[in-house]
Structure formats: structure tokens, C-alpha cells
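Beneath this line is the structure, given in C-alpha cells, with notes to follow.
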Amino acid sequence: MADLVMLDQAYHHVMQRIVHTGQAPHYTELATALGLAMEAGKQLLHELIDSGIPAWLHPQTDYLVSFAPFHNLPTQYRITVDGEQKWFAQ
């Protein structure tokens, strides 16, 4: 089980990645960014989602679909900042 510091780092990395690129990272990218083995990155992502934050994975996959307030799949709720639209809301 991941400690709170590692869960915090994972949350921060996912949020920063979405803000900067408009896309959620795959668990392999999360693992690389945090210096973890791939399986540990996958487990960390699942623990983060299971922690109760408003986020979820696509059913029966390891792909982030939603990470409040962002949505990784296009929705009718587009977010535009300074004329740039690369985000979708839940």
C-alpha cells in the first residue's frame, strides 16, 4: 500500500500533466515520473483512484477517464483558457 506522500505525488503529477497537456498520463508515464517500476506505477494509480477522489478509470482498463474537474475523453463541457481549448470538464 502506498503511503500518503506517494499518493500526494501521484495526484500532483496527474493534475499537472492534465493542466499542461490536456491529457491524463498512462500509468507507465506516472511510474517513470516518480521513479517507480511499471507494476508499482500501475498499483499506485489504482490506489489513488480507490482513495475516494472524484476520478475513475475506464472499466476493466488502466486508463484514466476522469480526474476532477477534468475529463480525459471529450465531453460537451469544453474548457478554454486564454483562447486555448485543450481540456474537457466532467
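In this text, residue positions in the sequence shown follow this note's numbering: the first is 352, and each later residue adds one. For glycine and all other residues, C-beta sits at the position ideal for the given N, C-alpha and C. Here the structure is a predicted model, which means the values were calculated and not measured.
Could you tell me how far apart the beta carbons of residue 369 and residue 439 are, in whole angstroms, since I believe they sit closer than 8 Å?
For the purposes of this step, residue 369 is taken as residue 18 along the sequence shown, with counting starting at 1. For the purposes of this step, residue 439 is taken as residue 88 along the sequence shown, with counting starting at 1. About 10 Å separates the two Cβ atoms, so there is no contact after all.
Can you tell me the Cβ-Cβ gap for residue 321 and residue 410, rounded? I've got them flagged as a contact below 8 Å.
No statement about residue 321 is possible, as the shown extent of the chain runs from 352 to 441 and does not include it.
What are the boundary residues of the alpha helix (DSSP H) that includes residue 387?
Position 36 of the sequence shown, counting from 1, holds the residue named residue 387. Where residue 387 is concerned, there is no enclosing alpha helix (DSSP H), given that its DSSP letter is neither H nor E.
Please tell me whether, using a cut-off of 7 Å, the distance from the CB of residue 435 to the nearest non-hydrogen atom of the ligand ATP is below it.
Looking at this structure, you won't find the ligand ATP or any other ligand, since it has none at all.
Along the chain, where does the beta strand (DSSP E) containing residue 424 start, and where does it finish?
For the purposes of this step, residue 424 is taken as residue 73 along the sequence shown, with counting starting at 1. Looking at the DSSP string, residue 424 is not in any beta strand (DSSP E), and its letter there is neither H nor E.
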